[in-house]
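Trainee: Convert by adding 1 to the 1-based position in the sequence shown; the result is the number in my numbering.
The structure's right below; bear with me while I get my questions together.
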Amino acid sequence: MKWETVKLDVRETGVAVLTFNRPETMNAVNDQFCRDVQAACREVSENEAVRVLVVTGAGNGWSSGGDISTLAVIKDPISAKETYDSSGDLVTTIYELKKPVIAAVNGVVAGASLAACLACDLIIASEKARFGFTFMQLAFCPDSGASYFLNQKVGYHKALELLWFGKIIDAAEADKLGFLNKIVSPEECLPEAIAWAERLARQPMLTVGLDKKLMREACRNDYYQQTELEAMYQVLTWASADFQEGCRAFAEKRKPVFQNK
């Protein structure tokens, strides 16, 4: 399918690449963009051939956040709420995907789009990537889940420093703060993310999905709740055909060939 503001490339390797495609605005978020991203994510969710999603941006930016031309003409609280709900729904759609999502951050990411980026499971960034906590410049609070993800990543004190002073940080500082999985050269950003995605797509996807659930729940469970959940999920994987294949491959000293069963 084709959309106005995004492109979706589904590959035979089980990887889909979602490209934000408003390069003239640094892939800024507007209503159409929100609808298109959600529609593309629904297609990824429903397509059994897709195992991993990579998200990147066209041009020099991943996404610069809310489109100021849209924000500036909002005239009443009801319209404002609808606009921010739309942005929040975009982030929620990415966050709730059961399949792994890898962000290939090729350039600037700022504002509400930081939430979309941090909602991804893995983040690979170009050396030219910049992360802008620029809400304060517009007298805005963070939205679309940005405060949640930011606090999870860096903690209360550092999160407020980034927000209150509207900091723009480079890839190296973002990596020190724990945002990133890997920094690469600009030309390697998308290929490296795709390589990670293809490697992940060869793993037993039942286990991959349960790992994602476990790590999400670990953010709020205590030790006893989490170990109980681990035991339940371990029984599910034990009953899978892929577990049997993994055992056979180990005994036969070969690489396992998983069938996602």
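Cβ atoms here follow ideal geometry from the backbone N, Cα and C, with glycine treated the same way.
Here the structure is a predicted model, which is why all the values come from computation and not from measurement.
Under 8 Å, Cβ to Cβ, is there at least one residue of chain C near Phe180?
Mentor: Going by chain labels, chain C is absent from the structure shown, which holds only one protein chain.
Trainee: Just how far apart, CA to CA, sit Arg36 and Lys168?
Mentor: Those two C-alpha atoms are separated by around 29 Å.
Trainee: Unbroken alpha helix (DSSP H) runs of length 4 or more, entirely within the segment 163–190: which are they?
Mentor: Within the segment 163–190, the complete alpha helix (DSSP H) runs of at least 4 residues are 172–177.
Trainee: Under the DSSP definition of a beta bridge, which residues are partnered with Thr20?
Mentor: BP columns for Thr20 point to Lys8 and Thr57.
Trainee: Please classify Phe150: does DSSP put it in a helix, a strand, or coil?
Mentor: Reduced to three states, the DSSP call for Phe150 is helix.
Trainee: Grab the span of the beta strand (DSSP E) containing Ala111 for me, first residue to last.
Mentor: Segment Val109 to Ala111, the beta strand (DSSP E) holding Ala111.
Trainee: When the Cα atoms are used, what is the spatial distance from Ala250 to Gln204?
Mentor: Distance between the alpha carbons of Ala250 and Gln204: 14 Å.
Trainee: Skipping 5 residues on each side, what residues in its chain have a beta carbon closer than 6 Å to that of Leu191?
Mentor: For Leu191, where only same-chain residues beyond five positions count, the Cβ hits under 6 Å are Thr57 and Ala105.
Trainee: Using the C-alpha atoms, what's the distance from Tyr225 back to Gln245?
Mentor: Straight-line Cα distance between these residues: approximately 28 Å.
Trainee: Given this structure, state the Cα-to-Cα distance separating His158 from Glu13, to the nearest angstrom.
Mentor: Using only the alpha carbons, I get a separation of about 45 Å.
Trainee: Within 10 Å of its beta-carbon, does Ser64 have 16 or more other beta-carbons around it, so buried, or fewer, so exposed?
Mentor: When all chains shown are included, Ser64 counts as buried.
Trainee: Name the residue from Gly112, Ala202 and Thr228 whose alpha carbon lies nearest to the alpha carbon of Ala140.
Mentor: Of the listed residues, the one whose Cα sits closest to Ala140 is Gly112.
Trainee: If distances are taken between C-alpha atoms only, which option among Thr6, Arg217 and Ala17 comes closest to Ala196?
Mentor: Ala196 has its Cα closest to that of Ala17, out of Thr6, Arg217 and Ala17.
Trainee: Can you grab the Cα-Cα spacing for the pair Gln235 / Lys100, in whole Å?
Mentor: Distance between the alpha carbons of Gln235 and Lys100 is about 19 Å.
Trainee: Which residues share a DSSP beta bridge with Leu123?
Mentor: Looking at the DSSP assignment, Leu123 forms a beta bridge with Ile103.
Trainee: Following the continuous beta strand (DSSP E) through Arg131, name the residue where it begins and the one where it ends.
Mentor: Note, Arg131: beta strand (DSSP E), Arg131 to Gly133.
Trainee: Any contact of the segment 26–44 with the segment 207–227, i.e. 3+ C-beta pairs under 8 Å?
Mentor: Taking 8 Å as the limit for Cβ pairs, the verdict is that the segment 207–227 does not touch the segment 26–44.
Trainee: Find the nearest neighbour of Val186 within the set Asn107, Cys42 and Lys76, judged by alpha-carbon distance.
Mentor: According to the sequence shown, residue 186 is Ser rather than Val. Nearest of Asn107, Cys42 and Lys76 to Ser186, Cα basis: Asn107.
Trainee: Tell me which residues share the same chain as Leu119 and place their Cβ nearer than 6 Å to its Cβ, disregarding the 5 neighbours each side in the sequence.
Mentor: For Leu119, where only same-chain residues beyond five positions count, the Cβ hits under 6 Å are Phe150.
Trainee: Hey, could you find the ends of the beta strand (DSSP E) Gly62 is sitting in?
Mentor: Segment Gly62 to Ser64, the beta strand (DSSP E) holding Gly62.
Trainee: Using beta-carbon positions only, say whether Ile103 and Val55 come within less than 8 Å of one another.
Mentor: Cβ atoms of Ile103 and Val55: closer than 8 Å.
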